[in-house]
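> Below: one structure in structure tokens.
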Amino acid sequence: MRDRVLVALLLGLAACGDSEPIAPPTAPAPMHSPVVAQAIAEWTARVPEEPAPEEADPELVDGLVQFLVGADARSHDLPLEEIRGVGDGALPALVHTALDHERPVEQRTAAIELIAAIGTRAAGLQLVELCASTNPSWIRAHAAWRLSELDPAIDVVVPGLLLRLRSEIDHEAAIYVAAALASRRNFAGVEMLSRLASEDPDEGARTRAAGQLAAIVEQEGAADARALIDQWDARAPGFRHGEPSDALRLLAWQWIQTLSGDTFQLRPVDDARFLLMRLGPWIVEPLATALDDVDPYVRLHSAQCLERMGAVARPAVPALTKALDDPRLAPQAAMSLGAIGGPGVRESLSRAAAQGPNELRVAAARGLGVLGDDAVVTLLTQIFEDDSEPIDLRQAAAESVLKLRPGGVGSAQKFLVACLTDPAADVGGAERALDAWLGADGGSGVDAETLDAWKAAAKSEGAIPTPAESRARRATRADVLRSGLARRGN
Numbered sequence: 025m026r027d028r029v030l031v032a033l034l035l036g037l038a039a040c041g042d043s044e045p046i047a048p049p050t051a052p053a054p055m056h057s058p059v060v061a062q063a064i065a066e067w068t069a070r071v072p073e074e075p076a077p078e079e080a081d082p083e084l085v086d087g088l089v090q091f092l093v094g095a096d097a098r099s100h101d102l103p104l105e106e107i108r109g110v111g112d113g114a115l116p117a118l119v120h121t122a123l124d125h126e127r128p129v130e131q132r133t134a135a136i137e138l139i140a141a142i143g144t145r146a147a148g149l150q151l152v153e154l155c156a157s158t159n160p161s162w163i164r165a166h167a168a169w170r171l172s173e174l175d176p177a178i179d180v181v182v183p184g185l186l187l188r189l190r191s192e193i194d195h196e197a198a199i200y201v202a203a204a205l206a207s208r209r210n211f212a213g214v215e216m217l218s219r220l221a222s223e224d225p226d227e228g229a230r231t232r233a234a235g236q237l238a239a240i241v242e243q244e245g246a247a248d249a250r251a252l253i254d255q256w257d258a259r260a261p262g263f264r265h266g267e268p269s270d271a272l273r274l275l276a277w278q279w280i281q282t283l284s285g286d287t288f289q290l291r292p293v294d295d296a297r298f299l300l301m302r303l304g305p306w307i308v309e310p311l312a313t314a315l316d317d318v319d320p321y322v323r324l325h326s327a328q329c330l331e332r333m334g335a336v337a338r339p340a341v342p343a344l345t346k347a348l349d350d351p352r353l354a355p356q357a358a359m360s361l362g363a364i365g366g367p368g369v370r371e372s373l374s375r376a377a378a379q380g381p382n383e384l385r386v387a388a389a390r391g392l393g394v395l396g397d398d399a400v401v402t403l404l405t406q407i408f409e410d411d412s413e414p415i416d417l418r419q420a421a422a423e424s425v426l427k428l429r430p431g432g433v434g435s436a437q438k439f440l441v442a443c444l445t446d447p448a449a450d451v452g453g454a455e456r457a458l459d460a461w462l463g464a465d466g467g468s469g470v471d472a473e474t475l476d477a478w479k480a481a482a483k484s485e486g487a488i489p490t491p492a493e494s495r496a497r498r499a500t501r502a503d504v505l506r507s508g509l510a511r512r513g514n
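Here our numbering is used: position 29 in the sequence shown is 53, and no number is missing along the way.
Quick look at the structure:
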């Protein structure tokens, strides 16, 4: 029988020999492409490679250092003009002098001043290297100070300065790092300056921080430091931002590449995210473009950067909305959209919360809570009141309702109280949400007795409870709130 079927099949194929073959179905276009690698190649071609300079005679360079140390007001500029003529070839000898602990301090600071006087991109990057934490704090402070004198157009120093801002523990050095950033219209360090000016225990540091802060505020024409911080954080319309050089754009794409799965160490990835979020509004477009990269980690971390940038990242909303169709990126895209907001975001997140994969629905429900538009409360309430929905989705919806309507008492609070003792729920998340609700509402949803009892049952500072102790403590808090809500008629 099998042989007869085979013969019939062969005869049928032979009979169809003159017919056109059936065309294969059209394959969908790939969602992702190597956009980061392509961008790096594009910007590398735009940035001219600087030829390696011929190293200058160390004796000549040392003579200029000695000349500067002994110069008076009339002759001070002569060695600076001379070193500009020598150029980048003098950098190795100057760096050696600056880091030579056997040299007098005057010679080491003179070497740093001469590096700044060269005024090239290589000189700027060398000053950033001198700001490294392995060097003495006074070296770091002097290098950062001289960076403020460098041409602001040399902006390739910004990423390195941002990383120093993150890790600098010496307050004097940190003050000059923030000032060097501000000279390039990057105000990521202004809030730190404001804090040091009011809180630093050292009077000298407070005075220096206040002086730098006042100079920056005056230069920008801001009402005060708080106004400048708000303008920078919110990226207010009309706020003047610097346009990055091609070299800085190339560096930014290289840092975006650091987000890839090929980077096995966490520190470089953390550094990349820290500085990318603080480069300025212009970085939104590259980060949005990176959402289409083939590497899932690049896509994920880029979306996280956009989330933390907030409203300034609104130009990325179309790309993030498209990313809701990317199974690996969709949950993070939903969270990012909630943090960023903008036209159409509520509708996109509402659709995602109503149907689709559960992980995306959970993220969309949380994103709606962050978005802050209470028009979605009805949808979220329907979700958490539906017993057939997964518990993590119901909890996410209830927590968002608490954020959107903190002043009321209703079924969301009751549901989260039940979550405190539900082993299937995120008990820690429910407790944090209720803590935040009671704090945001000033405890007006319950009476004073209930609020005091809730606080009394909080986790003790420094204690490491056993799982059984944690369950018992949360059960106590659940009973307290349940009774308190009942007394209020809920």
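Every residue, glycine too, gets a C-beta built ideally from N, C-alpha and C.
(1) Suppose you measure from the CA of residue 169 to the CA of residue 204; what does that come to, to the nearest Å?
(2) Measure the CB-CB distance between residue 396 and residue 373 and report whether it falls below 8 Å.
(3) By Cβ distance, which residues of its chain are closer than 8 Å to residue 145, with the 5 residues on each side in sequence left out?
(4) Roughly how far, in whole angstroms, is the beta-carbon of residue 276 from the beta-carbon of residue 310, given that I think they are within contact range, below 8 Å?
(5) Three-state secondary structure (DSSP) at residue 494?
(6) What are the boundary residues of the alpha helix (DSSP H) that includes residue 346?
(7) What number of angstroms, rounded off, separates the C-alpha of residue 383 from the C-alpha of residue 312?
(8) I need the DSSP call for residue 317, collapsed to helix, strand or coil.
(9) Compute the distance between the beta-carbons of residue 176 and residue 207, then report whether it is under 8 Å.
(10) The alpha helix (DSSP H) with residue 163 in it runs from where to where?
(11) Would you call residue 286 buried or exposed, if buried means 16 or more other Cβ atoms sit within 10 Å of its Cβ?
(12) DSSP has residue 57 in a bridge; who is on the other side?
(13) Alpha carbon to alpha carbon, what distance is there between residue 104 and residue 460?
(14) Could you name the residues of the same chain whose beta carbon sits closer than 7 Å to that of residue 398, not counting the 5 residues immediately before and after it, in chain order?
(15) Do three or more CB pairs link the region 330–350 to the region 362–378 at distances below 8 Å?
(16) Chain C beta carbons: is any one of them nearer than 8 Å to that of residue 365?
(17) Along the chain, where does the alpha helix (DSSP H) that runs through residue 478 open and close?
(18) Under 8 Å by Cβ, that's how I've got residue 167 and residue 136 pegged, so tell me the actual separation to the nearest angstrom.
(19) Around the Cβ of residue 21, are there at least 16 other Cβ atoms within 10 angstroms (buried) or fewer (exposed)?
(20) Measure the alpha-carbon distance for residue 71 versus residue 149 and round it to whole angstroms.
(21) Use the C-beta contact count for residue 125: other C-beta atoms within 10 angstroms, 16 or more gives buried, fewer gives exposed.
(22) Give the single residue among 469, 498, 493 and 490 whose Cα lies nearest to the Cα of residue 508.
(23) Pairing CB atoms from the region 478–487 with CB atoms from the region 437–447, are three or more of them under 8 Å?
(24) Which residue's Cα is closest to the Cα of residue 318: 339, 347 and 274?
(25) Are the beta-carbon atoms belonging to residue 152 and residue 121 less than 8 Å from one another?
(26) With a cut-off of 8 Å on the beta carbons, I'd call residue 217 and residue 233 a contact; round off their distance for me.
(27) Using 8 Å for Cβ pairs, my map puts residue 423 next to residue 457. What's the rounded Cβ distance?
(28) Taking its Cβ as the centre, do 16 or more other Cβ atoms sit within 10 Å of residue 496, making it buried, or is it exposed?
(29) In whole angstroms, what is the alpha-carbon distance linking residue 439 and residue 419?
(30) Might you give, ordered along the chain, the residues of its own chain that have their beta carbon closer than 7 Å to the beta carbon of residue 25, omitting 5 neighbours on each side?
(31) Considering Cα atoms alone, identify which of 282, 299, 435 and 158 is closest to residue 64.
(32) At which residues does the alpha helix (DSSP H) containing residue 463 begin and terminate?
(33) Secondary structure at residue 25, three-state DSSP: helix, strand or coil?
(34) Taking only three categories from DSSP, how would you classify residue 125?
(35) When burial is assigned at 16 or more other CB atoms within 10 Å of the CB, is residue 133 buried or exposed?
In brief:
(1) Taking the straight line from one Cα to the other gives about 7 Å.
(2) No, they are not a contact pair.
(3) Sequence-distant partners of residue 145 (beyond 5 residues in either direction) whose C-beta falls short of 8 Å from its own C-beta, in its chain, are 74, 178, 180 and 271.
(4) Their Cβ separation, rounded to whole angstroms, is 6 Å, which keeps residue 276 and residue 310 in contact under 8 Å.
(5) The answer is helix: DSSP assigns residue 494 an H, G or I state.
(6) For residue 346, the uninterrupted alpha helix (DSSP H) segment begins and ends at 341–346.
(7) Their Cα atoms are separated by approximately 22 Å.
(8) Three-state result, residue 317: strand.
(9) Yes, they are a contact pair.
(10) Taken as a continuous stretch (DSSP letters only), the alpha helix (DSSP H) holding residue 163 covers 161–171.
(11) By the 10 Å Cβ count, residue 286 comes out exposed.
(12) Looking at the DSSP assignment, residue 57 forms a beta bridge with 317.
(13) Rounded to whole angstroms, residue 460 to residue 104 spans 59 Å at the Cα level.
(14) For residue 398, same chain residues with a beta-carbon under 7 Å away, outside a window of 5 residues either side, are 428 and 429 in chain order.
(15) Segments in contact, yes.
(16) Absent from the structure is chain C; it holds one protein chain and no more.
(17) In the DSSP assignment, residue 478 falls within the unbroken alpha helix (DSSP H) covering 472–480.
(18) Indeed, because the Cβ distance is near 6 Å, the residues count as touching under 8 Å.
(19) Residue coverage of the chain in this structure runs from 25 to 514, which leaves residue 21 outside it and unanswerable.
(20) For residue 71 and residue 149, the distance between alpha carbons rounds to 16 Å.
(21) Exposed.
(22) Selected option, being the one with the closest Cα: 469.
(23) Segments in contact, no.
(24) Among 339, 347 and 274, the Cα nearest to that of residue 318 is on 347.
(25) Going by beta carbons, residue 152 and residue 121 fall outside the 8 Å limit.
(26) That belief holds up - the Cβ atoms of residue 217 and residue 233 are roughly 5 Å apart, short of 8 Å.
(27) Rounded to whole angstroms, the Cβ separation of residue 423 and residue 457 is 4 Å, and the two are in contact under 8 Å.
(28) Classification of residue 496: exposed, given that the 10 Å Cβ count is below 16.
(29) Residue 439 and residue 419 have their C-alpha atoms roughly 8 Å apart.
(30) Residue placement at residue 25 is poorly supported in this model, since its pLDDT is 46, which falls under 50; the coordinates still yield a value, given next. Take residue 25, set aside five residues on each side of it, and no residue of its chain has a beta-carbon closer than 7 Å to its own.
(31) When each option's Cα is compared against that of residue 64, the closest is 282.
(32) From DSSP, the alpha helix (DSSP H) with residue 463 extends over 451–464.
(33) At residue 25, the pLDDT of 46 sits below 50, so the modelled position is not reliable and the matter cannot be decided from this model.
(34) Reduced to three states, the DSSP call for residue 125 is coil.
(35) Flag for residue 133 reads buried.
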